[in-house]
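Novice: Residue 52 is where the sequence shown starts when you use the numbering used here, and the numbers rise one by one after that.
Glycine included, each C-beta is placed from N, C-alpha and C at the ideal position.
None of these values were measured; they are calculated from a predicted model.
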Amino acid sequence: MALGRAFSVAVTGVDGQLVEIEADVGRGLPGVSLVGLPDTALSEARDRIRAAVTNSGEKWPESRVTLALSPAMLPKVGSVYDLALAIAALNASGELPDHRLAGTILLGELALDGRVRAVRGVLPAVLAARTEGFARVVVPVESLTEAALVDDIEVFGAETLRHVCQWLRGEGSLVEPTGSVAPSRAPGPDLVDIVGQVEARWAAEVSAAGGHNMMLVGPPGTGKTMIAQRIPGLLPVLSERESIEVSAIHSVAGILDPKEPLVTNPPFVAPHHTSTITSLIGGGTGMARPGAVSRAHRGILFLDECPEFGTRVLDALRTPIEEGEVRIARRDGVARYPARFQLILAANPCPCAAAKDKDCTCQSTLRSRYLGRISGPLMDRVDLKIVMRPEASGRLLDADGEPTSVVRSRVVAARCAAAERWQSFGWTTNAEVPGNVLRGRFRPSNRAIADLETGMRRGLLTARGADRTLRVAWSICDLRGGTALKPDDVASALMFRERGSA
Ligand SMILES: [Zn+2]
52 MALGRAFSVA VTGVDGQLVE IEADVGRGLP GVSLVGLPDT ALSEARDRIR
102 AAVTNSGEKW PESRVTLALS PAMLPKVGSV YDLALAIAAL NASGELPDHR
152 LAGTILLGEL ALDGRVRAVR GVLPAVLAAR TEGFARVVVP VESLTEAALV
202 DDIEVFGAET LRHVCQWLRG EGSLVEPTGS VAPSRAPGPD LVDIVGQVEA
252 RWAAEVSAAG GHNMMLVGPP GTGKTMIAQR IPGLLPVLSE RESIEVSAIH
302 SVAGILDPKE PLVTNPPFVA PHHTSTITSL IGGGTGMARP GAVSRAHRGI
352 LFLDECPEFG TRVLDALRTP IEEGEVRIAR RDGVARYPAR FQLILAANPC
402 PCAAAKDKDC TCQSTLRSRY LGRISGPLMD RVDLKIVMRP EASGRLLDAD
452 GEPTSVVRSR VVAARCAAAE RWQSFGWTTN AEVPGNVLRG RFRPSNRAIA
502 DLETGMRRGL LTARGADRTL RVAWSICDLR GGTALKPDDV ASALMFRERG
552 SA
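1) For the region 334–364, list the beta strand (DSSP E) runs that are entirely contained and at least 3 residues long, ordered along the chain.
2) Using only CA atoms, which one of Glu193, Ile204 and Val131 lies nearest to Gly154?
3) Who pairs with Gln393 in a beta bridge, going by DSSP?
4) State the Cα-Cα distance for the pair Ala553 and Ser290, rounded to the nearest angstrom.
5) Quickly, what does DSSP pair Leu267 with across the bridge? List them, please.
6) Among the candidates Asp408, Asn316 and Arg515, whose CA atom is the shortest distance from the CA of Gly427?
7) Ligand 1 heavy atoms versus the CB of Cys528: any closer than 7 Å?
8) In the structure shown, what three-state DSSP assignment does Gly67 receive?
9) From Ser114 to Ala123, what does the alpha carbon distance come to, in whole angstroms?
10) If you drop the 5 nearest sequence neighbours on each side, which residues of the same chain put their C-beta closer than 7 Å to that of Cys413?
11) How would you write the range of the alpha helix (DSSP H) that Ile306 sits in, first residue to last?
12) Among all the DSSP beta bridges, which residues are the ones paired with Leu120?
13) Pull up the distance between the alpha-carbon of Ala542 and that of His348, whole angstroms please.
14) Measure the alpha-carbon distance for Pro358 versus Arg418 and round it to whole angstroms.
15) Compute the minimum distance between the beta carbon of Cys411 and the heavy atoms of ligand 1, and state whether it is under 7 Å.
16) By DSSP, does Thr196 sit in helix, in strand, or in coil?
17) Going by alpha carbons, who is nearest to Gly333 out of Asn316, Pro389 and Glu356?
18) In whole angstroms, what is the alpha-carbon distance linking Val364 and Arg522?
19) Measuring CB to CB, does Val170 end up less than 8 Å from Glu183?
20) When the distance is taken between beta carbons, is Lys436 closer than 8 Å to Met554?
21) Please report how far the alpha carbon of Asn106 lies from the alpha carbon of Arg99, in whole angstroms.
22) Pull up the distance between the alpha-carbon of Arg355 and that of Glu210, whole angstroms please.
23) Pick from His301, Pro112, Arg292 and Trp473: whose alpha carbon is nearest that of Arg78?
24) What residue range is occupied by the uninterrupted alpha helix (DSSP H) comprising Pro428?
25) Please state whether the Cβ-Cβ distance between Gly223 and Thr480 is less than 8 Å.
26) For Glu160, which beta-bridge partners are listed by DSSP?
27) With distances taken Cα to Cα, identify the nearest neighbour of Thr362 among Glu376, Ala339 and Thr325.
28) According to DSSP, simplified to helix, strand and coil, what is Gly423?
29) At what residues does the beta strand (DSSP E) containing Ile332 begin and finish?
30) Run the CB neighbour count on Glu197, radius 10 Å, all protein chains shown included, and call it buried at 16 or more, exposed below.
31) Taking 8 Å as the cut-off, does the region 495–502 touch the region 456–463 (at least 3 CB pairs, one atom from each stretch)?
32) Helix, strand or coil, according to DSSP, for Leu530 in the structure here?
33) Alpha helix (DSSP H) containing Pro191: first to last residue?
34) Please determine whether the Cβ atom of Ala441 lies at a distance below 7 Å from any heavy atom of ligand 1.
35) So if DSSP puts Ser84 in a beta bridge, which residue, or which two residues, is it bridged to?
36) When you compare the CB positions of Gly257 and Leu530, do they come within less than 8 Å of one another, or not?
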C-alpha cells in the first residue's frame, strides 16, 4: 500500500478553505474511487484526470486507486481539484517526490490532453493558501497575474500537467509572474459631457460625497443614465484592501480581466429590469455565482426603469442594503458574498414614458401608482430624490459644467471629513449614520434645524424624512468644508426633498 498527498482550496462565496487530498494505491482490480461526497462534476473528474495523466506521458497506477478529499463537509463542486487529484495519485504510486509537494497548493482543471485550464476564484484561493501558511501555489497560467496580486506567497503558472510533474521532480520550471503593473485610473465617462442639468449634477456630487442612495425621476432623454454612469468617476479609487476584496468577488464571478486583474476603480453594475432574483442577489447551481449586488460591491448598482423590476426583485435588495452582504444557503454550507454598494435608481414618471408631460397618455391613477411600485422600506433607504426635466434649448449654449476631476477632488475631501467624524463609531459615510445619532449626539443647533422642525410640525416631513435630510445636509456641509451644520446646509438638503416630492 502506498499513500500520496496533495493540497487544494475550496472556495465558498469568497472564502477559501484548505482541502487535503489523499491517494491510496492498493491491491485490487484497476479502477478509481473517490471518497467524500462527490457530485457529478467530481465523478467526471475521475475519467478526466486518468486521461490527462496518460496523455501527459505519465504512468497511471495499474491497481486500485482511492482518492479521498477532506474535510468531508467541504463543497466539492467543480473541477478546481483536478490537478491536485492527478498529482496525489502519481505521488502515491511513487512517480513524484514529496519535497516540493508538501508546501504547495495546486489549483486547476485538467483537459483530457493534460493542459491545465483556468478556474474561477483563483484570487480568494491564493489568499486562503497564504492564511494557511503554504509556501507556494501552482495555478493555471492564465490566472498567474491574478494569483500574483497576493503578497508573501510564491505563485507559479502551469500550462500542462507534464510541466507540473517535471517541476516537482526538479527537472523543469514553471512560469513565474512578471513585474506587477501599476494600476491606473481608467478614464470613464466625464461629467463635462452633460449639458445643463445643474441640479442633477449637484445631486450626483452630494450622493457621491455621502454615499447616499439616489433616485432620478424624469422622462426619457433627460440624461438619468448619463448621470448615473458618471458617479463611479466621482468616487475615490479603491484602497488596496478594497481592491483585493472587489477583485476576489469578480474572480469568483469569472469577470476579471486576466491581463489587468486588480480592480481599482469603483465598479458600475447595471442589471436589466428583466433580471431574476438569483442574478441580482446571487446563487445558482454548481459553484454559486455572486449576483449584481456583489459585483457592485464598493461601487454603484444602477437600476434603470426601476418600477419595471417587479416588487419581489426590488424587495430582495433590502437585506443586502441593510447588512452589506449576501448569505446564500447551499447544500454544502452557506456562501457569503460582500455587497456594500451605492444604489442609484432611475424611473420614468409613468409607464408610457413620454418625452414631455403634456404628451403623456396614461390615466392619472396609473400615473400616480407607477412610482408607488417601489416599496416604502426600500425608498426609506434612498436619501436623495431628484426630478429631472428636459433642458430648455437655450440652456444648451451655456454648457460650462465642471469636469469629473474637479468635482471628484471636492468629493474626496468631503468623504475624508465624514470618515474622520464617524471614525470612532465605525461608519465611513454619512449615509450609514443612524437617525438617533444625527438627532442626539450630533444634534445640530436649533437655528440650523428650525426649518426642519417647522416642516415636521406642519406634517410636511416625517421623522424618517428628517433623518434623511440631516444625512444629506452633513454631506453638503462636508462639501463646503464646514465642521458644523448651518441653516443653509439644511435648507439645501430640504430643497432636494421638495423637488423630489414635486
Ligand atoms: Zn404616461
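Specialist: If we stick to the structure as given:
1) 351–354
2) Ile204
3) Ile351
4) At Ala553 the pLDDT is 35, less than 50, meaning the model places this residue with poor confidence; the figure from the coordinates comes in the next sentence. Each residue's alpha carbon lies about 39 Å from the other.
5) Beta-bridge pairing links Leu267 to Ala397 and Ile437.
6) Arg515
7) no
8) strand
9) Distance from the CA atom of Ser114 to the CA atom of Ala123, rounded to whole angstroms, is 25 Å.
10) Cys401, Pro402 and Cys403
11) It is not in any alpha helix (DSSP H) - Ile306 carries neither H nor E in the DSSP assignment.
12) Ile72
13) Looking at the two C-alpha atoms, the distance is approximately 32 Å.
14) 12 Å
15) Within the cutoff, so yes.
16) Of the three classes helix, strand and coil, the one that applies to Thr196 here is helix, per DSSP.
17) Pro389
18) C-alpha separation (whole angstroms): 27 Å.
19) no
20) Because the chain is modelled from 52 through 553, residue 554 falls outside the range shown and cannot be assessed.
21) 10 Å
22) The amino acid occupying residue 355 in the given sequence is Asp; Arg does not appear at that position. Rounded to whole angstroms, Asp355 to Glu210 spans 43 Å at the Cα level.
23) Pro112 is the residue among His301, Pro112, Arg292 and Trp473 whose C-alpha sits nearest the C-alpha of Arg78.
24) It spans Gly427 to Met430 - the alpha helix (DSSP H) in which Pro428 sits, taken as one unbroken run.
25) No, Cβ-Cβ distance for Gly223 and Thr480 is not below 8 Å.
26) Arg168
27) Thr325
28) helix
29) No beta strand (DSSP E) holds Ile332; the alpha helix (DSSP H) holding it covers Ile328 to Ile332.
30) buried
31) no
32) helix
33) Premise fails: Pro191 lies in the beta strand (DSSP E), Arg187 to Pro191, not in any alpha helix (DSSP H).
34) Just to set this straight, residue 441 is Pro in the shown sequence, not Ala. With a cutoff of 7 Å, Pro441 does not count as near ligand 1, since its C-beta is closer than that to no heavy atom of the ligand.
35) Thr117
36) At residue 257 the sequence reads Val, which differs from the Gly that was named. It is a contact, given that the beta carbons lie within the stated cut-off.
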